[in-house]
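Just below is one structure, and these are the notes that go with it.
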Amino acid sequence: SSWDMNLIEKSARIAAQEASADGICWTYSPMVDIARDPRWGRIAEGAGEDAYLGSRVAEAYVKGYQGDDLKKNNTIMSCVKHFALYGAAEAGRDYNTTDMSLVRMYNEYLPPYKAAVDAGAGSIMTSFNDINGIPATGNRWLMTEVLRNQWKFNGFVVTDFTAINEMMAHGMGDLQTVSALALHAGTDMDMVGEAYLSTLEKSLSEQKVTLEEIDLACRRILEAKYDLGLFEDPYKYCDENRAATEIATIENMNVARDIAAQTFVLLK
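In my numbering, the protein residues as written are 2 to 269.
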């Protein structure tokens with residue numbers, strides 16, 4: 002509510018500085034979902050209901066985390082979530098359906114994701130909800146037509162926690178079927194669910210996926226590691242001296258206190 006993008010970017014810069022000092026090179030942030038139903042349990046994580054403000058906040062976070070060079074050892078890769086329309090699930094019920102016109106989608110809900118992509122975000126996380134009948138994780142229109150063809154995103158896409166497996170509950174088929182659906186849609190990495198690990202070899206042998214699709218997903222993930230400088234030095238984020246001296250410093254604590262003081266909101 003401060004509308005102070007410099008403060009928001011500074012908070013993300015400090016988070017990147019401290020996380021990278023402790024061996025972390027990738028963060029599942031920013032969460033940029035527009036939310037207008039207070040029944041949705043995750044409404045407090047985002048920037049609110051305004052598409053313009055949400056877009057500026059998304060940019061600030063990405064710039065703060067990634068800086069001007071991902072190869073620097075004090076920058077980390079951002080992951081924009083949850084793509085897409087996660088905050089618009091019916092009745093505020095997590096994982097629920099989202100039924101929305103293209104006009105409202107493009108004008109009110111998609112802008113913050115696009116702003117983050119335009120700011121250079123390195124990765125995108127899929128959402129659990131379906132979008133007009135097709136779960137986001139297996140939605141080729143969303144992941145390929147919008148994200149890559151329209152917005153020219155060239156990073157990689159990771160699922161949310163077991164989101165491929167969750168598509169079975171949406172009635173999209175068994176684990177092998179939904180895994181192939183996700184890969185074909187343009188989802189590159191499976192978070193935790195082991196759906197790709199346990200099914201893609203079989204799907205390849207049955208010609209339900211192609212080697213080119215698998216290679217493309219692998220390439221995008223390897224390119225992210227290259228952008229982070231991990232091929233040049235796989236241990237660049239492993240520095241005990243930085244971990245001991247750059248985390249929870251007096252300077253960072255003072256900045257955090259200053260940011261808090263400038264962003265209090267009194268509700269009556």
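Ideal Cβ positions, reconstructed from N, Cα and C, are used throughout, including at glycine. Every value quoted in this text rests on a predicted model; they were computed, and no experiment measured them.
(request) Count the other C-beta atoms from every protein chain shown that fall within 10 angstroms of the C-beta of SER21, then say buried if there are 16 or more, exposed otherwise. (result) buried
(message) Using the three-state DSSP reduction, which class does ASP216 fall into: helix, strand or coil?
(response) helix
(message) Using the three-state DSSP reduction, which class does SER206 fall into: helix, strand or coil?
(response) helix
(message) In the DSSP output, what is MET144 paired with across the bridge?
(response) In DSSP, MET144 forms no bridge with anything.
(request) Count the other CB atoms, across all protein chains shown, that sit within 10 Å of the CB of TRP4; report buried if there are 16 or more and exposed otherwise. (result) exposed
(request) Return the bridge partner residues of TRP4 from the DSSP annotation. (result) For TRP4, which the question treats as bridged, DSSP gives no partner whatsoever.
(request) Give the range of the alpha helix (DSSP H) segment to which MET254 is assigned. (result) 251-264
(message) Between ILE215, TRP142, GLY139 and GLY123, which has its C-alpha nearest CYS26's C-alpha?
(response) GLY123
(message) According to DSSP, simplified to helix, strand and coil, what is MET168?
(response) helix
(request) Just confirm the distance between the C-beta atoms of ILE332 and TYR110, as a whole number of angstroms; I'd bet it's less than 8 Å. (result) Past the boundaries of the shown model lies residue 332; the chain is included only from 2 to 269, so the question cannot be answered.
(request) Would you mind sorting GLU213 into buried or exposed? The rule is 16 or more other CB atoms within 10 Å of its CB. (result) exposed
(message) Quick check: what's the CA-CA separation for LYS72 versus HIS83?
(response) 25 Å
(request) Report the residue ranges of all alpha helix (DSSP H) runs contained in full by the region 89-156; include only those spanning at least 4 residues, in chain order. (result) 112-119
(message) For ALA244 and ALA92, I'd like the C-alpha separation in whole angstroms.
(response) 44 Å
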